[in-house]
Structure formats: C-alpha cells, structure tokens
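Encoded as structure tokens, the structure appears first; notes follow it.
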Amino acid sequence: MFNDIILSIIQSVTEFLPISSSGHLALASNLISEPDLFFFTILHLASLIAVVIFTRKEIKELLSFKAQ
Numbered sequence: 000m001f002n003d004i005i006l007s008i009i010q011s012v013t014e015f016l017p018i019s020s021s022g023h024l025a026l027a028s029n030l031i032s033e034p035d036l037f038f039f040t041i042l043h044l045a046s047l048i049a050v051v052i053f054t055r056k057e058i059k060e061l062l063s064f065k066a067q
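Its first residue numbered 0, the sequence shown is counted upward by one per residue in numbering that gives the first Met the number 0.
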C-alpha cells in the first residue's frame, strides 16, 4: 500500500512536466517493488480523467463546433 502511494505521488508530480512520467514510474517501481502494468495503466487513466475534467469546457466547445 505504501509503495502504491509513493508511485502515485511520482506519477502526479511528473505527469505534466516535460519529462517521462512512465520512465520515472518504471524506475521507482524497480527500486521499491515489482513493476505492475495494471497499476501503471490505472495511474495513467486517472491522469487522463483529471485532464478531461480540467479542460471540459474547451472540449465541449470543440465538440459543439458547427460549420458555417
């Protein structure tokens, strides 16, 4: 459980930096536990959901664009 929290923190800090969050997750995972592809997928899915929620107005505007 503690390892999962550490990996989640690493994912959240490095996701929006111009560096690879996946690389940091892989490195940290190798140092503290065995790599878990399912857990990495869930972390990236959570990041995607956060981005969609944050940009929902812009996404809605783009999807509701009507040709003139």
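No residue lacks a Cβ here, since even glycine has one placed at the ideal position from N, Cα and C.
Boundaries of the alpha helix (DSSP H) in which residue i is found, first to last residue
i, result
"Leu36", "36 to 53"
"Leu26", "20 to 31"
"Phe1", "1 to 13"
Nearest-angstrom Cβ-Cβ length linking residue i and residue j, presumed shorter than 8 Å
i, j, result
"Gln10", "Leu30", "Contact flag wrong, Cβ pair sits at about 15 Å."
"Asp3", "Phe39", "Rounded, the Cβ-Cβ distance is 11 Å, inconsistent with contact."
Spatial distance of residue i from residue j (CA atoms)
i, j, result
"Leu16", "Ser63", "30 Å"
"Val51", "Thr13", "18 Å"
"Pro36", "Phe53", "Looking at the sequence itself, residue 36 is Leu, so the reference to Pro does not match. Going from the Cα of Leu36 to the Cα of Phe53 covers about 26 Å."
"Leu61", "Ile48", "18 Å"
"Ser20", "Arg55", "23 Å"
"Met0", "Leu44", "19 Å"
Cβ-Cβ distance between residue i and residue j below 7 Å
i, j, result
"Ala27", "Leu6", "yes"
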